[in-house]
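Participant: Protein chains in written order, with the numbering used here: chain A, 1 to 585; chain B, 586 to 716; chain C, 717 to 1313.
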Amino acid sequence: MNTIKLTIDNKSVEAAQGTTILDAAASVGINIPTLCHMKLHDMSIENRPGGCRVCVVEVDGRRNLAPACVTEVTEGMNIKTHSIRVINARRTVTELILSDHPFDCLVCAKSGNCELQALAQKLGIREIHYKGEQSHYREDTSPAIIREMDKCILCRRCEMMCNEVQTVGVLSAINRGFITVVSPAFEMNLDHSVCTYCGQCVAVCPTGALTEVDHTGAVIRALSDPNKTVIVQTAPAVRAALGEEFGLEPGSLVTGKMAAALRQLGFDYVFDTDFAADLTIMEEGTELLSRLNKHLQGDKSVKLPILTSCCPAWVKFFEHQFPDLIDIPSTARSPQQMFGAIAKNYFANNIQVDRENLVVVSIMPCLAKKYECARDEFAEKGNPDVDFAITTRELAQLIKLANIDFNALPEEEFDNPLGESTGAGVIFGTTGGVIEAAVRTAYELHTGKPLPKIDFEELRGMEGIRHATIDFNGLDLNIGIAHGLGNARKLLEDIRNGKSDFHAIEIMSCPGGCIGGGGQPYHHGDAEILKKRQEALYREDKSKPIRKSHENPYIKKIYEEFLGHPLSEISHHLLHTEYFDRSKK
Amino acid sequence: MEKVKSLADLKKIRDEVQSRIRLRENSDRPEKLVQIKVAMATCGIASGAKETLNTFVEELELQAIDAVITQTGCMGYCYAEPTVEVTLPGKDPLVFGYVDKTKALEIIEKYIKKQELVDGIIPVTYKTIDE
Amino acid sequence: MTEFKTHIMVCGGTGCRASQSEKIRQNLNTAIQEYGLEDDVQVVMTGCFGFCEKGPVVKIIPDNTFYVQVKPEDADLIIQEHIIKGRKVSHLLYEDPKTKEMVSDSKHMDFYKKQIRIALRNCGFINPENIDEYIARDGYAALGKVLTEMTPEQVIAEMKQSGLRGRGGGGFPTGLKWEITRKSQNDQKYVVCNADEGDPGAFMDRSILEGDPNSVIEAMAICGYCIGANQGLVYIRAEYPLAIDRLRTALKQAREYGLLGKDILGTGFNFDIELRYGAGAFVCGEETALIHSMEGLRGEPTFKPPFPAVSGYKGKPTNVNNVETFANVPVIINKGANWFNKIGSEKSKGTKVFALAGKINNVGLIEVPMGTTLREVIYEIGGGIKDGKKFKAVQTGGPSGGCLTEKHLDTPIDFDNLIAAGSMMGSGGMIVMDEDSCMVSIAKFYLEFTLDESCGKCAPCRIGNKRLHEILNKITQGNGTKTDLDRLRLLGNVIKDCSLCGLGQTSPNPVLSTLTNFYNEYIDHVENHKCSAGQCKALLKYVIDPEICTGCTLCFRNCPVGAISGEKKSPHSIDQSLCIKCGACYEKCKFNAIRIA
């Protein structure tokens, strides 16, 4: 590849052909401000419509200013990123954007995390010279996501995530000119659309236009109700990201501090979704082996591959888009819902509390979990198995509200019996983790031999679609992994077309898996953050004394005391579910 | 239609049509071979060119004047629509503007039948590619 | 049957009428009667000769003598000298400005033929629904020639040599565009005809497609041969039903003749064309937006590069040319690049079709060589300003263009000159304004169009134009300040500098050009709260002159809001705080006692 020599702000720069001015400038420490642009490096996720025009720079010999995010460098280019012409244009454009934006920063959910706010600050905007009409749109509240399009700046990141990455196709720009807005078709509400609530639109929204439905108030009310026993479960990915909200380095593990904080917040029992993840492996792994064995014995009614079903956005995705394949995914409920069912049907009895007086709160990296716990099939007589699902961000908000100095907290342990977990449960939070956990257990159950090695490096990574073949004692098990629903779609289309030779496939909706979930601290386009969270989970896995789900003593105990065996009658009732064809809705 | 299989075929069609037109223009039966073109682009139609066309068709048939009436595209004189070009055999084509029903009848009576000019002729103000 | 020996044609164009051509006709008729020539000579009023500058003009047929600046009193002389004695009236003949010779025979002089019809060569001549008539006028001969006698490289060289530049507005050299697309390696390429004509008042492309669809089809096939494409697409707005219809008929006939399809003219070249319909979004005339629209996506522009020549329709190399550009191609091939490049100015070759509109006498479609001045177009071809009013400005380039003034009238029209003057060629809309036009309102009008048509993708265009419009609104409402004028200029320049596509980059032109050329009018609005053209209602003030008012009470009775008061038979007055400026009193007053202040 050719190297191109150019000058940026009087600095000589060398860049490969095809490099944008933005990247070339960054390589010499010149950070041109951007707004609509977002690039998750190495994950082939990039939004660069060239629409906000904040990144414009002056290029010698060019009639107008060039947007740095989309303009490629050419030989001998002479670029100024802060000439008076550029500064004037950049500030004017930013003022224009602000002139069509509500001025309620002080009470905005995104305050402090807003990229528009940060830009205005960086540019030193002190006055909006162009005031005028502002656009107003109807607010749209769904079970998981709130759309306040008055705050939309049309960066189109959500649209890119929804269409290109997730291939869900709900959000797109409609109307023209000043009244252009990103919306579901015909300005319908999200809950009338095929939205999966994966929350990736929220994860990338630079402003407060897309946010999660806030359940912190409900949680505070439950905690302050003396008649309620409030228990909490925390998803694996939360511990690898929560610290970011308190200024810790991405990838810091805060499992112990988080448990301490939850206890200080007033939860009666602090449990771990990882426990339910181990339970999931028992059910799902057994289901896999059962289907595999029947299939190998020539039972044509048994379909393969088996698909994981932990991810509620993924479940909703295939219910809408692949209803013809709804008998393929595992019937196992997600860990969140397994935990809820066990809590309300087993633990409630243990502690002699009525179902109605036991409040189950889950801390999730996810927005779809809010929708999942509201699904009818996960409630008994109107009482949901999981009462409230709040995000990592909402938890951070609660901790701040309770005046807790998070970083000074001691490391504490989870409570038992639903707080004990293995390394296999921990890695549920990253792409590849669920299937690795399943393989660890399924291998030993299938072969009756101990695993020669616990770490399946071949299943790890950040590639959108990965596959590996695991030797199950002479049987080659073909494993597929997809994260991001667009990647999932590719594997599903192969299955539909009979071109898939996988035995098992793990699917997570969010790029990177739950570590990149829609409820996590905002990554602001920095893919390194996701990688560090992933590393943290593998680190936690390695440090665990037990790393295979079936060796979790409390899992063994619950089967002995309550469930009997995986896929038992009671398991079937509490830990498995069914799927619905939503294509015609 | 038969396929045009070669450049020679194409030239043949061209020559045939051209000679047909020449025959029409140089005929020795002047009163019987009048050629009328009505500008029937969107602008013309919007200004009533359809009625103009119908008037010519009906009236010439009624009077048993043998004429070739065709539609054509915009002549460019939007201010004077509907516009009509009349070619009497052996004569240069003349373009008339503002040809409504009344004007059409006047053109038939005076120009086509008597070769008497009527008001509203639009002079040719452009060169063609062959000039 | 009478057969007149001689016809005298008197120009009845508006310009000549204004200089008494009707009187000339009367005098001619009187003279004819006097000399008893009623059976020999007929006087006819004609439409405009397009030579209004030297009007009134009189032409004698059959000897084609052309008299200029004829006065009513010359009628007798013309009959006596020319008709009776057969001698030309020399002082009325036209003097050629170059040779200083008197020219008499209009058949051999081009002085009033400012137009050359190349793109419009068949419009109004042939029946567009009969391919034979096109073939009779050398139709498809150019395609035959390139397929049998020329290599694609030779054709491209010819196109480059011709100097033809894109007629859609950008003015990019057509041959070069073809060459770039030819050089883009790919198994599939496309030829696209941009028939998404969108400028307000422009209808050149529609007329060509309605009048001569085959010329575009032939050119697209030639282009396909050059760039290595076998598939053409015409992106045409669904609001052009007649053009679509004629195009479909032409495609059908061309296919039946085998001039489209497989093995065209036995040369082994395959090419066919499909239609794609646009929903009438102005921005879809921008080639990347057009391509997205054809792909079924939202019609939004994307950043170039990559240019469509490299990555266009479905990611394949795509050559996009506009209708008028294509219409020129067969002529260039048939008559040669060197014939074509002799027409026009140094950097802009050939002709340009304009849709002449506004306060001008001869509204219509014209085709003039590049380099023709605005004056020639407006005063000669266009027949001057309506109702004898004063010329104020001419707007070219549609909503992307600017308003040019008196001082630009002698500017030769070509791509570069218009840009230098602060406007642009655009696709060929040309709107003439007279003294009654308020330039602030005109700027506002064009901006309203842009506001409606902005796709909303980039912030400067989406929000910036909205704010520009709000400021203009404020000014026309009488609430503007001098700071607002500075803001207009600042903001306009940023929008130009920062917008994503051509629409945004040019959208402030109507504002900026009027601000430059009519600054005093803006000042009048913001400082004196006056709109001299009387167009800004909020700035009007109706007052009753007590000296003239008779107290007839007619205005009082017609005022819809009761703003007028006064005793019968004594002067009335208008309460300005109540007046809604409807103008009813002004219309009704029989004594002209009401003035607009």
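Even for Gly, the Cβ is constructed at its ideal location relative to N, Cα and C. Just so it is clear, the structure is predicted and the values come from calculations on it, not from any experiment.
Between the C-alpha atoms of A:GLN121 and A:THR207, what's the straight-line distance to the nearest angstrom?
Facilitator: For the purposes of this step, residue 121 of chain A is taken as residue 121 along the first sequence, with counting starting at 1. For the purposes of this step, residue 207 of chain A is taken as residue 207 along the first sequence, with counting starting at 1. Taking the straight line from one Cα to the other gives about 14 Å.
Participant: Distance, Cα to Cα, A:LYS490 vs A:GLU377?
Facilitator: As a working mapping, residue 490 of chain A is identified with position 490 in the first sequence. As a working mapping, residue 377 of chain A is identified with position 377 in the first sequence. Answer to the nearest angstrom: the Cα atoms are 29 Å apart.
Participant: Determine, for C:MET717, whether the minimum Cβ-Cβ distance to residues of chain B falls below 7 Å.
Facilitator: Position 1 of the third sequence, counting from 1, holds the residue named residue 717 of chain C. Only weak support is given to the placement of C:MET717: the predicted model assigns it a pLDDT of 40, under 50, and the value that follows is read from those uncertain coordinates. Cβ-Cβ to chain B under 7 Å: yes for C:MET717.
Participant: Quick one: what's A:LYS625 bridged to in DSSP?
Facilitator: The first residue shown for chain A is 1 and the last is 585, placing residue 625 of chain A beyond what the model contains.
Participant: Output, in sequence order along the chain, the residues in the segment 1205-1237 of chain C whose CB is closer than 8 Å to any CB in chain A.
Facilitator: Residues LEU1206, LEU1207, VAL1210, LYS1212, ASP1213, CYS1214, SER1215, LEU1216, GLN1221.
Participant: Using a Cβ-Cβ cut-off of 7 Å (strictly less than) and excluding sequence neighbours within five positions of A:LYS80, which residues of its own chain qualify?
Facilitator: By one-based count along the first sequence, residue 80 of chain A stands at place 80. Result list for A:LYS80: ASP9, VAL57, GLU58, VAL86, in chain order.
Participant: Quick check on the burial criterion: 16 or more other C-beta atoms within 10 angstroms. Buried or exposed for B:GLN648?
Facilitator: Indexing the second sequence from 1 puts residue 648 of chain B at position 63. When all chains shown are included, B:GLN648 counts as exposed.
Participant: Figure out for me which residue from A:GLN117, A:GLU46, A:HIS129, A:CYS311 has the closest Cα to the Cα of C:ALA1204.
Facilitator: As a first step, residue 1204 of chain C is located in the third sequence; it is residue number 488 there, counting from the start. The question names Ala, yet the displayed sequence has Leu at residue 1204 of chain C. Taking only the C-alpha atoms, the option nearest C:LEU1204 is A:HIS129.
Participant: Is the CB of A:TYR137 under 7 Å away from at least one CB in chain C?
Facilitator: Translated into the one-based positions of the first sequence, residue 137 of chain A becomes position 137. Judged by the 7 Å Cβ criterion, A:TYR137 is not in contact with chain C.
Participant: What number of angstroms, rounded off, separates the C-alpha of A:LYS453 from the C-alpha of A:ASP23?
Facilitator: Counted from its first residue, the first sequence places residue 453 of chain A at position 453. Counted from its first residue, the first sequence places residue 23 of chain A at position 23. If I take the Cα positions, the gap works out to 41 Å.
Participant: For the candidate residues C:ALA858, C:ILE952, C:ASP1261, whose alpha-carbon lies nearest to that of C:LEU981?
Facilitator: The residue given as residue 981 of chain C occupies position 265 in the third sequence. The candidate whose alpha carbon is nearest that of C:LEU981 is C:ALA858.
Participant: Measure the alpha-carbon distance for A:ASP42 versus A:ASN2 and round it to whole angstroms.
Facilitator: What you label residue 42 of chain A is simply residue 42 of the first sequence in a count that begins at 1. What you label residue 2 of chain A is simply residue 2 of the first sequence in a count that begins at 1. C-alpha separation (whole angstroms): 21 Å.
Participant: Quick check on the DSSP output: what are the complete alpha helix (DSSP H) runs of length 4 or more inside the segment 110-194 of chain A, in order along the chain?
Facilitator: Counting whole runs of 4 or more residues, the segment 110-194 of chain A contains the alpha helix (DSSP H) stretches 115-122, 157-160.
Participant: With a Cβ-Cβ cutoff of 7 Å, do C:ILE1147 and C:GLY887 count as a contact?
Facilitator: Taking the first residue of the third sequence as position 1, residue 1147 of chain C is located at position 431. Taking the first residue of the third sequence as position 1, residue 887 of chain C is located at position 171. Cβ distance not < 7 Å, so C:ILE1147 and C:GLY887 don't count as in contact.
Participant: Label C:ASN1077 either buried or exposed according to how many other C-beta atoms from any shown protein chain fall within 10 Å of its C-beta, with 16 as the threshold for buried.
Facilitator: Translated into positions along the third sequence, residue 1077 of chain C becomes position 361. By the 10 Å Cβ count, C:ASN1077 comes out buried.
Participant: Of the residues A:PHE178, A:ARG138, A:ASN163, which one's Cα is nearest the Cα of A:ILE97?
Facilitator: Position 97 of the first sequence holds residue 97 of chain A. Closest option to A:ILE97, Cα to Cα, is A:PHE178.
Participant: Flag this pair as touching only if the segment 933-949 of chain C and the segment 972-989 of chain C have three or more C-beta atom pairs under 8 Å; answer yes or no.
Facilitator: Judged by Cβ distances under 8 Å, the segment 933-949 of chain C makes contact with the segment 972-989 of chain C, as three or more pairs qualify.
Participant: For B:ASP685, which residues in chain C fall below 9 Å Cβ to Cβ?
Facilitator: Position 100 of the second sequence, counting from 1, holds the residue named residue 685 of chain B. Here the premise fails: no neighbours, minimum Cβ distance about 15 Å.
Participant: Compare the C-beta of C:LYS829 with all C-beta atoms of chain B and state if any pair is closer than 7 Å.
Facilitator: Mapped onto the third sequence, residue 829 of chain C falls at position 113. True, the Cβ-Cβ gap to chain B drops below 7 Å.
Participant: Just the C-alpha distance for A:LEU106 and A:ARG126, rounded to the nearest angstrom, thanks.
Facilitator: The residue you call residue 106 of chain A lines up with position 106 of the first sequence. The residue you call residue 126 of chain A lines up with position 126 of the first sequence. Cα to Cα, A:LEU106 sits roughly 16 Å from A:ARG126.
Participant: When you check each C-beta in the segment 151-180 of chain A against every C-beta of chain C, which residues fall closer than 9 Å?
Facilitator: Per Cβ criterion, the list reads ILE153, LEU154, ARG156, SER172, ALA173, ILE174, ASN175, ARG176, GLY177, PHE178, ILE179, THR180.
Participant: Is A:THR92 close to chain C, meaning its C-beta is less than 7 Å from at least one C-beta of that chain?
Facilitator: By 1-based counting over the first sequence, the position of residue 92 of chain A is 92. It does; some Cβ of chain C falls within 7 Å.
Participant: Exposed or buried, A:GLN17, counting other C-beta atoms within 10 Å across all chains shown (16 or more means buried)?
Facilitator: In the first sequence, residue 17 of chain A corresponds to position 17, counting from 1. Result: exposed.
Participant: Evaluate A:GLU569 with the Cβ neighbour count: other Cβ atoms within 10 Å of its Cβ, from every protein chain shown; 16 or more gives buried, anything less gives exposed.
Facilitator: Position 569 of the first sequence, counting from 1, holds the residue named residue 569 of chain A. Exposed, because fewer than 16 other Cβ atoms sit within 10 Å of the Cβ of A:GLU569.
Participant: Cβ of C:CYS1275 less than 7 Å from any chain B Cβ?
Facilitator: In the third sequence, residue 1275 of chain C corresponds to position 559, counting from 1. Not an interface residue.
Participant: Rounding to the nearest angstrom, what Cα-Cα distance links A:SER183 and C:LEU1013 in this structure?
Facilitator: Within the first sequence, numbered from 1, the residue matching residue 183 of chain A stands at position 183. Within the third sequence, numbered from 1, the residue matching residue 1013 of chain C stands at position 297. The straight-line gap from Cα to Cα measures roughly 15 Å.
Participant: Enumerate in chain order the residues of its own chain whose CB-to-CB distance from C:SER806 is below 8 Å, with the five nearest sequence positions on each side excluded.
Facilitator: The sequence position of residue 806 of chain C within the third sequence is 90, counting from 1. Once the five neighbours on either side are set aside, the close Cβ partners of C:SER806 are MET818.
Participant: Any chance you could list the alpha helix (DSSP H) runs of at least 4 consecutive residues sitting entirely within the segment 195-252 of chain A, in chain order?
Facilitator: Listed in chain order, the complete alpha helix (DSSP H) runs (minimum 4 residues) inside the segment 195-252 of chain A are 200-204, 216-223.
Participant: By DSSP, does A:LEU451 sit in helix, in strand, or in coil?
Facilitator: If you number the first sequence from 1, residue 451 of chain A lands on position 451. The answer is coil: DSSP assigns A:LEU451 none of H, G, I, E or B.
Participant: I'd like to know whether the C-beta of C:GLN758 is nearer than 7 Å to at least one C-beta of chain B.
Facilitator: Here residue 758 of chain C corresponds to residue number 42 of the third sequence, with the count starting at 1. For C:GLN758, the answer is yes, since a Cβ of chain B falls inside 7 Å of its Cβ.
Participant: With 7 Å as the threshold, decide whether the Cβ of C:PHE1042 is near any Cβ in chain B.
Facilitator: Here residue 1042 of chain C corresponds to residue number 326 of the third sequence, with the count starting at 1. Chain B contact via Cβ: absent.
Participant: Pick helix, strand or coil for C:PHE1131, following the three-state DSSP scheme.
Facilitator: Against the third sequence, residue 1131 of chain C aligns to sequence position 415. C:PHE1131: helix per DSSP, three-state reduction.
Participant: Helix, strand or coil for C:MET1141 per DSSP?
Facilitator: Here the question's residue 1141 of chain C lines up with position 425 in the third sequence. C:MET1141 falls in the coil class under three-state DSSP.
Participant: Are A:ALA341 and A:LEU574 touching if we call contact CB-CB under 7 Å?
Facilitator: Numbered from its first residue, the first sequence carries residue 341 of chain A at position 341. Numbered from its first residue, the first sequence carries residue 574 of chain A at position 574. Contact flag set, yes.
Participant: For A:ARG62, would you say it is in contact with chain C, using Cβ-to-Cβ distances shorter than 7 Å as the test?
Facilitator: Within the first sequence, the letter at position 62 stands for residue 62 of chain A. Output row for A:ARG62: interface = no.
Participant: May I have a chain-ordered list of the alpha helix (DSSP H) segments no shorter than 4 residues that lie completely inside the segment 887-926 of chain C?
Facilitator: If we require 4 residues or more, the alpha helix (DSSP H) runs fully inside the segment 887-926 of chain C come out as 890-899.
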